[in-house]
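Here is the structure we will look at, set down as structure tokens.
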Amino acid sequence: MNQTVQIQFADKMVSFDTFLSAIRNVVQEEISKAVGKRPFITQAKAFDTFGRRNVERWVKEGKVKVFGRGKNGKITRYEYRLSELEACACKVQDYLHPT
């Protein structure tokens with residue numbers, strides 16, 4: 000029996016898990032700014048830390064957004080938001096039962 004708790008706002012309704020995830024991301028970013036830690040990591044570091052297939056799956060499912068960095072309109076490297084990667088990594092076996 001899996002019940003989903005919904006939170007009603009003035010403009011939309013979201014699940015409690017989505018609400019907590021959004022709050023967690025904002026808090027992590029603010030803490031990162033306060034201690035001088037970058038909220039983004041490079042693609043190579045993300046693949047090394049979280050596993051290449053995991054990161055690629057999360058991007059494909061839309062759970063993690065890719066940011067292209069570079070100069071003069073040329074993308075020289077890709078980065079990921081660390082808080083999004085950590086939130087996805089906390090979910091147990093999300094590839095068995097996609098949501």
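Letter by letter, the sequence shown follows residues 0 to 98 in numbering that gives the first Met the number 0.
Note that CB positions come from ideal geometry on N, CA and C, so glycine has one too.
I need the DSSP call for D16, collapsed to helix, strand or coil. Position 17 of the sequence shown, counted from the start, is the residue given in the question as residue 16. DSSP places D16 in helix when its eight states are reduced to three.
Nearest by alpha-carbon distance to K32: which of S82, A86 and G50 is it? Here residue 32 is taken as the residue at index 33 of the sequence shown, counted from 1. Checking every option, the nearest Cα to that of K32 belongs to S82.
Below 6 angstroms CB to CB, which residues in the same chain sit around V4 once its five sequence neighbours on both sides are set aside? Mapped onto the sequence shown, residue 4 falls at position 5. Counting only Cβ-Cβ distances below 6 angstroms, and skipping sequence neighbours, we find F15.
Determine the extent of the beta strand (DSSP E) in which V65 is found, giving its start and end residues. Residue 65 sits at position 66 when you count from the first residue of the sequence shown. Counted as a single uninterrupted DSSP element, the beta strand (DSSP E) harbouring V65 occupies residues V65 to K70.
Between which residues of its own chain and W57 is the CB-CB distance below 7 angstroms, once the five residues before and five after are set aside? As a working note, residue 57 is residue 58 in the sequence shown. Result list for W57: V63 and C87, in chain order.
Pairwise C-alpha distance: E85 and I6: To locate residue 6, count along the sequence shown from 1; it is residue 7. To locate residue 85, count along the sequence shown from 1; it is residue 86. Within the model, the alpha-carbon separation for I6 versus E85 is close to 23 angstroms.
Can you find at least 3 beta carbon pairs, one from the stretch 71 to 79 and one from the stretch 39 to 56, that sit closer than 8 angstroms? These segments touch.
Taking DSSP as the reference, what is the three-state secondary structure of E78? Counting from one through the sequence shown, the residue named residue 78 turns up at place 79. E78: strand per DSSP, three-state reduction.
Go ahead and pull the three-state DSSP assignment for K36. Mapped onto the sequence shown, residue 36 falls at position 37. The answer is coil: DSSP assigns K36 none of H, G, I, E or B.
May I ask you to report which of helix, strand or coil DSSP gives K90? Along the sequence shown, one-based indexing puts residue 90 at 91. If DSSP states are grouped into helix, strand and coil, K90 belongs with coil.
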